[in-house]
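Trainee:
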Amino acid sequence: MSDALGLIGVAIIGTLLSSVLALIPALHLYNVVGLLIVSSAALAGALTPDQLAMLLLGMVVGYAMLSTVPAVFLAAPDESLAFIVLPAQKYLLQRRGFEAAVLTGIGALSGAAALVALSPVAIEAARGLQLIIAPHLGWLLAAIIAFMLMSEWPKGGDRGATGWARFRSAWTGLGAGLLTFVLSGVLGLIIVYRSPLPVEAAYQNLLPAFVGLFAVPMVLTNLIMGTTVPEQYAGPSIDLPPAALLRGAAAGVMGGLFAAFFPVVTGGVGAFLAGHATAQRDDRSFIVSQGASKFVYYVGGFLLFFLPGLHLARGGLASMTRTILTPDTPELYFTAVAAIALSGAVAFGLLIVFSRLAIRVVKRVNYRTLSAITLIVLIGLVALTTGLGGLLILVPSSAIGLIPVLFGSRRMNCLGVLLIPITLNMAGVGPEIARWLGLG
159 MSDALGLIGV AIIGTLLSSV LALIPALHLY NVVGLLIVSS AALAGALTPD
209 QLAMLLLGMV VGYAMLSTVP AVFLAAPDES LAFIVLPAQK YLLQRRGFEA
259 AVLTGIGALS GAAALVALSP VAIEAARGLQ LIIAPHLGWL LAAIIAFMLM
309 SEWPKGGDRG ATGWARFRSA WTGLGAGLLT FVLSGVLGLI IVYRSPLPVE
359 AAYQNLLPAF VGLFAVPMVL TNLIMGTTVP EQYAGPSIDL PPAALLRGAA
409 AGVMGGLFAA FFPVVTGGVG AFLAGHATAQ RDDRSFIVSQ GASKFVYYVG
459 GFLLFFLPGL HLARGGLASM TRTILTPDTP ELYFTAVAAI ALSGAVAFGL
509 LIVFSRLAIR VVKRVNYRTL SAITLIVLIG LVALTTGLGG LLILVPSSAI
559 GLIPVLFGSR RMNCLGVLLI PITLNMAGVG PEIARWLGLG
């Protein structure tokens, strides 16, 4: 019992540590984890492998909950938060940024509750699903991509004096979405087959691409347009009827579980599929669902690693942790479940505190100035961690990321940077396509 309590305490320390890191715009937890794993030999005297794994578990709980704050108040999201930004920006301009952040946190708490509730049956369920899904990964991923592209519905088509004008209006957004997907996919192939990053920064190879595709465009937009944020209101309660909470939480948990278990599928894609499956329309339910999906994707994906006898490495965190630890006891698994519950509660309390602090910052500092500072932080983060090669990736990825912002298509199409290279490799044609593009 004392060992379990000690491990849970280490997890809470990890949550407190990541609560600070999560406030740095677009800093992904995996960038820090990579450094910790590389330094694991030096940490061996201070932390056992079990303790280091629990520290990382607490950190991912804190990140999944608290990275919402810069996404809502500074519009600097990572991929898993991209869907939250637009409704959250609307809330922010309506003086309800605090409400958007708390709704996301409530969704994350719902995700934590679902993980705890499902933990007793997770071992057998995961084993059965693994046997069913493993032989069909390639065509399932191709089907997901097809659905993503086909669901980019025309937003025009009824405007214009001529048929050609209406056709052009309808295809502006569609064409921008397809172009974004293809260009980001080509960028992904370049990163995979001819990355300009130095070898010592290889574990950060996607950082500059994701910062450019998802974070820089929104910050640039705020900076150029001079967005003015009204004084925010942080009320004592949140308008969230039980039906809206249940609907949003159910959709988010379904999407997060799918993304956590299915290799390559990210939290953003899982939330997108869940939103379509449950026909989300209410902004409150939608924001709750995104918070739940993000939490279940990150934390649930890492929890799969602790399943005794399976050791499923879903996501970068589990893959990195596997180099130092192989969990093999039910006791460690259920200790991890308890750590998620307690760390999640701590992280939610910190979310409320930090959201109120963010309101004060937005009130006292000009939003254009905040956007400029955020942009400098983003560029500095890429330069510091990946050098000149990372900046060479950041520039074109930012240009690609601006296409959906300027033409009103979905930003999720930027995920071609991951989906195209992996799908081509699963089909066995990735190297051939790379050679055809001059990358082989």
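Just remember that this note's numbering sits 158 ahead of the position in the sequence shown, which is counted from 1. By construction, the Cβ of each residue, glycine as well, lies at the ideal position given by its N, Cα and C atoms.
In the structure shown, what three-state DSSP assignment does His186 receive?
Mentor: In the structure shown, His186 sits in coil (DSSP, three-state: anything other than H, G, I, E or B).
Trainee: Cβ atoms of Pro183 and Ala154: under 9 Å apart, would you say?
Mentor: This structure cannot speak to residue 154, because the chain is shown only from 159 to 598.
Trainee: Tell me whether Gly390 is buried or exposed, calling it buried when 16 or more other Cβ atoms sit within 10 Å of its Cβ.
Mentor: Residue identity check: residue 390 is Gln in the sequence provided, not Gly. Result: buried.
Trainee: For the alpha helix (DSSP H) containing Pro400, list its first residue and its last residue.
Mentor: Start and end: Pro400 to Phe419.
Trainee: Cβ atoms of Met212 and Asn599: under 9 Å apart, would you say?
Mentor: Any property of residue 599 remains undetermined from this structure, which presents the chain solely from 159 to 598.
Trainee: Select from Leu552, Ile498, Ile551 and Phe512 the residue whose C-alpha is nearest the C-alpha of Ile166.
Mentor: Checked all of Leu552, Ile498, Ile551 and Phe512; the closest Cα to Ile166 is Ile498.
Trainee: Using C-beta distances below 7 Å, list every residue in its chain close to Val218, excluding the 5 sequence neighbours before and after it, in chain order.
Mentor: The residues are Leu187, Tyr456, Val457, Phe460 and Leu475.
Trainee: What's the gap between the Cα of Leu250 and the Cα of Leu515?
Mentor: Straight-line Cα distance between these residues: approximately 15 Å.
Trainee: Using 8 Å for Cβ pairs, my map puts Gly428 next to Gly413. What's the rounded Cβ distance?
Mentor: Going by Cβ atoms, the distance from Gly428 to Gly413 rounds to 4 Å, so yes, they are a contact pair.
Trainee: Tell whether a beta-carbon distance below 9 Å holds between Val575 and Leu371.
Mentor: Yes, the Cβ-Cβ distance between Val575 and Leu371 is below 9 Å.
Trainee: In angstroms, rounded to a whole number, what distance separates the CA positions of Ile602 and Ala557?
Mentor: Outside the displayed range of the chain (159 to 598) lies residue 602, so it cannot be described from this structure.
Trainee: Roughly how many whole angstroms lie between the Cα atoms of Thr338 and Met584?
Mentor: Rounded to whole angstroms, Thr338 to Met584 spans 22 Å at the Cα level.
Trainee: Taking Asn524 as the reference, give the member of Asn380, Trp322, Gln252 and Leu509 with the closest Cα.
Mentor: If we check each option's Cα against that of Asn524, Asn380 comes out closest.
Trainee: Just tell me which of Gly467, Pro293, Ile445 and Ser353 has its CA closest to the CA of Asp397.
Mentor: Comparing Cα positions, the closest option is Ile445.
Trainee: Using a threshold of 8 Å, is the CB atom of Gly220 nearer than that to any non-hydrogen atom of the ligand ZN?
Mentor: Absence of the ligand ZN from the depicted structure is noted, as is the absence of any ligand whatsoever, leaving it without description.
Trainee: Leaving out five residues on either side along the sequence, give the residues of the same chain with a beta carbon under 6 Å from the beta carbon of Ser353.
Mentor: Correct list, in chain order: Asn363.
Trainee: Where does Val523 sit, in a helix, a strand or coil, going by DSSP?
Mentor: Coil, per DSSP.
Trainee: Assuming contact is defined by CB atoms lying nearer than 9 Å, are Gly343 and Glu310 in contact in what I supplied?
Mentor: Their beta carbons are not under 9 Å apart, which means Gly343 does not touch Glu310 by this criterion.
Trainee: Within 8 Å, do at least three Cβ pairs link the region 535 to 548 to the region 483 to 499?
Mentor: In short, these stretches do not touch, since the Cβ pair count stays below three.
Trainee: Would you please state the rounded distance, in angstroms, between the beta carbons of Gly410 and Arg442? I believe it to be under 8 Å.
Mentor: Rounded, the Cβ-Cβ distance is 12 Å, inconsistent with contact.
Trainee: Quick one: grab the DSSP three-state call for Arg285.
Mentor: DSSP places Arg285 in helix when its eight states are reduced to three.
Trainee: Mind reading off the beta-carbon distance from Gly220 to Ala417? Whole number of angstroms is fine, and I expect it under 8 Å.
Mentor: With a Cβ gap of about 19 Å, Gly220 and Ala417 do not count as contacting.
Trainee: I need the boundaries of the alpha helix (DSSP H) containing Asn583, first residue and last residue.
Mentor: Gly574 to Met584 is the extent of the alpha helix (DSSP H) around Asn583.
Trainee: Just to confirm the assignment, what range does the alpha helix (DSSP H) spanning Trp311 have?
Mentor: Looking at the DSSP string, Trp311 is not in any alpha helix (DSSP H), and its letter there is neither H nor E.
Trainee: Can you name, in chain order, every residue of its own chain whose Cβ lies under 6 Å from the Cβ of Ser177, other than the five neighbours on each side?
Mentor: Here the set comprises Gly220, Leu224 and Leu508.
Trainee: Can you have a look at Gln252 and say buried or exposed, based on whether 16 or more other CB atoms are within 10 angstroms of its CB?
Mentor: Classification for Gln252: exposed.
Trainee: Buried or exposed for Lys248, going by 16 or more other Cβ atoms inside 10 Å?
Mentor: It counts as exposed.
Trainee: Using only CA atoms, which one of Glu590, Asp161, Ala222 and Leu205 lies nearest to Gly502?
Mentor: The shortest Cα separation from Gly502 among Glu590, Asp161, Ala222 and Leu205 belongs to Ala222.
Trainee: Could you tell me the boundaries of the alpha helix (DSSP H) in which Gln448 lies?
Mentor: Note, Gln448: alpha helix (DSSP H), Asp441 to Phe453.
Trainee: What's the C-alpha gap between Pro388 and Ala266?
Mentor: Rounded to the nearest angstrom, the two C-alpha atoms are 27 Å apart.
Trainee: Can you tell which of Arg568, Pro554, Leu298 and Leu341 has the C-alpha that lies nearest to the C-alpha of Phe430?
Mentor: The option with the nearest alpha carbon to Phe430 is Arg568.
Trainee: Would DSSP call Leu378 helix, strand or coil?
Mentor: In the structure shown, Leu378 sits in a helix (DSSP, three-state: H, G or I).
Trainee: Report the three-state DSSP secondary structure of Leu206 (helix, strand or coil).
Mentor: Correcting the residue identity first, residue 206 is Thr in this sequence and not Leu. The answer is coil: DSSP assigns Thr206 none of H, G, I, E or B.
Trainee: Since Leu415 contacts Ser555 with CB under 8 Å, what's their CB separation in whole angstroms?
Mentor: The pair is not a contact, with the Cβ atoms about 29 Å apart (cut-off 8 Å).
Trainee: With distance defined between alpha-carbon atoms, name the residue in Lys452, Ile264 and Thr484 nearest to Pro399.
Mentor: Of the candidates Lys452, Ile264 and Thr484, the one whose C-alpha sits nearest the C-alpha of Pro399 is Ile264.
Trainee: Just reading off the alpha helix (DSSP H) that Glu389 is part of, what are its end residues?
Mentor: Run containing Glu389: none; DSSP gives neither H nor E here.
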